[in-house]
Structures are given as C-alpha cells and as structure tokens.
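Undergrad: Can you read through this structure? Questions will come right after.
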Amino acid sequence: MPAWTEHVIWWQVYPLGFVGADTTSNPHAPVEHRLGDIVPWLDDVVDLGSNGLALGPIFDSESHGYDTIDHLSIDPRLGDDSDFDALVVACRERGIRILLDGVFNHVARSNPLWQAAIEAGPGSAEAAWFRLDAEQPTSGELKPAVFEGHGHLVELDLSHPPAADYVTRVMRHWLDRGANGWRLDAAYAVAPDAWRPILDAVRSTHPDVWIVGEVIHGDYASIVDESGMDSVTQYELWKAIWNSLNEKNFFELAWSLERHQEFVERFSPLTFVGNHDVTRIASLVGDSRHAQLAHALLFFLPGVPSVYYGDERGLTGVKEDRAGGDDAVRPRADRDAPEWQRNEVFELHQRLIAFRRQHAWLHDARVEVLELANETLLLEATARSGDGRATLALNLTDDEVALRGTTVPAHGYVLAD
1 MPAWTEHVIW WQVYPLGFVG ADTTSNPHAP VEHRLGDIVP WLDDVVDLGS
51 NGLALGPIFD SESHGYDTID HLSIDPRLGD DSDFDALVVA CRERGIRILL
101 DGVFNHVARS NPLWQAAIEA GPGSAEAAWF RLDAEQPTSG ELKPAVFEGH
151 GHLVELDLSH PPAADYVTRV MRHWLDRGAN GWRLDAAYAV APDAWRPILD
201 AVRSTHPDVW IVGEVIHGDY ASIVDESGMD SVTQYELWKA IWNSLNEKNF
251 FELAWSLERH QEFVERFSPL TFVGNHDVTR IASLVGDSRH AQLAHALLFF
301 LPGVPSVYYG DERGLTGVKE DRAGGDDAVR PRADRDAPEW QRNEVFELHQ
351 RLIAFRRQHA WLHDARVEVL ELANETLLLE ATARSGDGRA TLALNLTDDE
401 VALRGTTVPA HGYVLAD
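End of the sequence shown = 417 in the UniProt record's numbering, gap-free, step of one.
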C-alpha cells in the first residue's frame, strides 16, 4: 500500500448527480462542460480537512455511469479530456489526490466491444471477451451473462487475456492523465485471481497507485491477498455502526470491531458511514442525535476514511429499491441552497478530522473495548509504534454517564487523548 494512503481522507462525489447532469445520455446532444463545477468546492474539501477526491463514474455511459460505453472518453454530460485535465490541475494545486471509479465487470449493450461480439457471433475472438449465459439460443445469437439480473449490463470475462489487457490499458491511461488510484466497482463479481495480473501490470508502471475493490460480503483479507488490491470497502463495519446505534446494541459493534481489527492487521479497509449506494447516515439512524456518534467512529477507527458529499452537512436521503431509487442520495450540489451551507455538522467534521490529523497513527491503530453495555461503549486506540493513545466514549442513554472517569453526555460522545 502506498505511504500516502496513511494520511488520505476521501471526499466522495457522484459526479453526474453532483453537477445536475441528465439521467440518460443523448448521443446527439452537445458536450456539456460540467465537470468543472466540482472545482469551486475543492476549497471546502481542504477546509473540511480532506485531501482526496473520490469520483464516481465519469466515463461515457448510457445512464447512471455504471453502464459504460467508452472507458477512454469522458461522459459528454460532464465534458471532455480538457475538463478532466483542468480538474487534475485544480486538485494538485490544493494537494488533493484523485480516485477514479472503474466499472470493469460489465459494460452497456451499446458498448462497441459487445456490438463487435454480436456481429462476429458465437465462437469468435470478439465474443470471447464476454461471459455468456449457460443456455445459448439455438438461433446462433449471443446471450450474455448479465450483472445481477440487469439485462442492460453485459459481463466482461476478465480472465480472458485480451479483456484483461484492455482494463490494464484503461487504468494506465487515466493514471497517466493524473489520477492517483482506482475504485473497482463490483469487484466482488470477478474472481480474485482474475484481478491479479491486471493489477500487477498496472503497478509495474504506476507503483504508487492505490486500488480499492467494492466488496460487500466475504473474506475481505483473503480477497485482498488473492486479488492484489490494496483495500476493500468495509461494509461489515458500516452496518454494525448504524445498526448498533439504532438497536441500542453496542455488542454488535464490538463483535464487528474484532473482525475489523483482524483486517487491519493485514490491510487498511476503506471505511465509511455513507456512499452513493446507501441511505444517508442522517436518515439511517433512528435518532438524529446519534449521527454524530457515527461520524466520531469513522474518524476514530483505523482504516482509510471516506466522507460522502453532503454527509458533512447533514443531508438526508433515502435509497429506494426501484428505478431511479438512488436519485435521493445522489443530488445536485447547490451552493446557494440552505442545506449546502456550512453548518454545525460541517464544523463537527472539521473537529473530528483535525483530531485524526493530530493522531495520524490511528490509520492502523489497535482498538480495544474497555467498557461495554447495550447503550454505552468505551474504546481505546493505541499506536503500533510509539506511545500514542486515544479513547472514544459513546452514550445512547437519556442520562449523563461516567465511563472510567470520563463523563459522557446523554446521546453524545467524548473523544480524548
């Protein structure tokens, strides 16, 4: 893992939503230079304490960015290469690194790669790039394997060397243009050993790259070891945080922290309390007072923290299981709207991130549970080298409590060193 990731704190943006782009792409529409709309927010990123910009999909796609048409072109709803280059320059001027979202498990049906496979037909070199359905039509047409039942998303076969070489070329191309790392979308849908030659090849030319895979369930550490990724998304911890707060059951969080500690022994997970695929933390916690506890945990616990745009301002939004159900958690950022102004939640993030910066050793700290009850929890973090020590006390009760001499307000927390 590159050394710079020990200090990075990502601010994650879903660009198509952030800039208010159309939800579907029109191939006949003119290029809209919207990617630059992110630039005025970069000073807020720095003031927040973050130093990384994690971008959702920015490549040419049919709709939400995860149905890619061309991995080597910026989505015309966002702009073109010049807009990306300008964003890179603006980030570098502020010491901000860039993480790109690589959607390589599947592509849109309109992607030229799939269109070439259809034209060439079964048994062709072009068709070999794709995973095919086990039951092929007798008509001789190609029936692709599709991603999680989404008929418009056809799956690439990344174990096929030409397809793997293509992904390698795409990753190198954007790293050459100024990106610093990659998030691998739906990494869990690809066999870990299929990632290994791709990532090894990318690192051979870009040794300082950081690569994180989207993994929801499974043996995180083994996936990291087998795939060559640096990290994976820590969904287990995310669920334990909000569910423990809602159920007033810190025993669940304590169990998850044991697992998390095992992971930290081998790699630094990407930690978060919100992203573009889930209900916002301010809506997820049943008691609004408890969102601050979730944020405190994010910056206290080891890992590579990521803040989803808007969470630092307390935005709400519920993900729904329907077409367009993600829209509420992927809104346009409006600098003039009241909900996008700096507020007490922004200031809370500034304080928590400042604490993290002052205790940089927290990125791989050892965490121990000192006091545990359903509604109260006292954690101690210690540095792996040196004498760093910090504590986080959490209280979900209606009363002030004392935990080993630390007085914790009702429905509050105390962070101390």
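For each residue, glycine too, the CB sits at the ideal point set by N, CA and C.
1. Which residue marks the beginning of the beta strand (DSSP E) containing Q12, and which one marks its end?
2. Since W182 is in the beta strand (DSSP E), which residue starts that stretch and which ends it?
3. Looking at the secondary structure, which residues open and close the alpha helix (DSSP H) in which A373 lies?
4. Determine, using beta-carbon pairs with one atom in the region 186-202 and one in the region 101-111, whether at least three such pairs fall under 8 Å.
5. Assuming contact is defined by CB atoms lying nearer than 9 Å, are A117 and W129 in contact in what I supplied?
6. Please list the segments of the alpha helix (DSSP H) lying wholly inside the region 92-129, counting only runs of 4 or more residues, in order along the chain.
7. Measuring alpha carbon to alpha carbon, tell me which residue in G324, L270, I241 and R177 is nearest A282.
8. Assuming D200 is part of the alpha helix (DSSP H), what are its boundary residues?
9. Report the option in P302, T233 and G213 whose CA atom is closest to the CA atom of R384.
10. Expressed to the nearest angstrom, what Euclidean distance is found between the alpha-carbon atoms of A221 and H28?
11. Using only the alpha-carbon positions, how far apart do E126 and E62 sit?
12. Identify whether P76 lies in helix, strand or coil by the three-state DSSP scheme.
13. Out of A410, G324 and I74, state which residue places its alpha-carbon closest to the alpha-carbon of D60.
14. Kindly indicate which three-state DSSP category E148 falls into: helix, strand or coil?
15. Buried or exposed: where does S139 fall if 16 or more other Cβ atoms within 10 Å of its Cβ makes it buried?
16. Quick one: what's got a C-beta closer than 6 Å to L297's C-beta in the same chain, skipping five residues either side?
17. Grab me the residues of W174's own chain with a C-beta within less than 6 Å of its C-beta, minus the 5 sequence neighbours each way, in chain order.
18. For Y66, collect the residues of the same chain with a Cβ closer than 7 Å to its Cβ; drop the 5 residues on either side in sequence, then sort them by chain order.
19. Name the residue from A402, G388 and D387 whose alpha carbon lies nearest to the alpha carbon of L394.
TA: The answer reads as follows:
1. Position 12 of the sequence shown holds residue 12. Per DSSP, Q12 belongs to the beta strand (DSSP E) from W10 to V13.
2. In the sequence shown, the residue the question calls residue 182 occupies position 182. Where W182 is concerned, the enclosing beta strand (DSSP E) stretches over G181 to L184.
3. Translated into positions along the sequence shown, residue 373 becomes position 373. Per DSSP, A373 belongs to no alpha helix (DSSP H) and is neither H nor E.
4. yes
5. As a position in the sequence shown, residue 117 is number 117, starting the count at 1. As a position in the sequence shown, residue 129 is number 129, starting the count at 1. The Cβ atoms of A117 and W129 lie closer than 9 Å to each other.
6. DSSP runs (the alpha helix (DSSP H)) wholly in the region 92-129: 112-120.
7. On the sequence shown, position 282 is the one that residue 282 refers to. Closest by alpha carbon: I241.
8. Stepping through the sequence shown from its first residue, residue 200 is reached at position 200. P192 to T205 is the extent of the alpha helix (DSSP H) around D200.
9. The count along the sequence shown starts at 1 and reaches residue 384 at position 384. With distances taken between Cα atoms, R384 lies closest to P302.
10. Taking the first residue of the sequence shown as 1, we reach residue 221 at position 221. Taking the first residue of the sequence shown as 1, we reach residue 28 at position 28. Near 46 Å, if we compare the C-alpha coordinates of H28 and A221.
11. Residue numbering aside, residue 126 sits at position 126 when the sequence shown is read from its first letter. Residue numbering aside, residue 62 sits at position 62 when the sequence shown is read from its first letter. E126 and E62: Cα-Cα distance of roughly 21 Å.
12. Here residue 76 corresponds to residue number 76 of the sequence shown, with the count starting at 1. Here P76 sits in coil by DSSP.
13. As a first step, residue 60 must be located in the sequence shown, where it is residue number 60. Among A410, G324 and I74, the Cα nearest to that of D60 belongs to I74.
14. Within the sequence shown, the letter at position 148 stands for residue 148. E148: coil per DSSP, three-state reduction.
15. Your numbering for residue 139 matches position 139 in the sequence shown. The residue in question, S139, is exposed, as its Cβ has fewer than 16 Cβ neighbours within 10 Å.
16. Stepping through the sequence shown from its first residue, residue 297 is reached at position 297. For L297, where only same-chain residues beyond five positions count, the Cβ hits under 6 Å are I241.
17. The residue given as residue 174 occupies position 174 in the sequence shown. Counting only Cβ-Cβ distances below 6 Å, and skipping sequence neighbours, we find L100.
18. As a first step, residue 66 is located in the sequence shown; it is residue number 66 there, counting from the start. If we look at Y66 and ignore the five residues flanking it on each side, its Cβ neighbours are P57, V103 and D185.
19. Taking the first residue of the sequence shown as position 1, residue 394 is located at position 394. The residue with the shortest Cα to Cα distance from L394 is A402.
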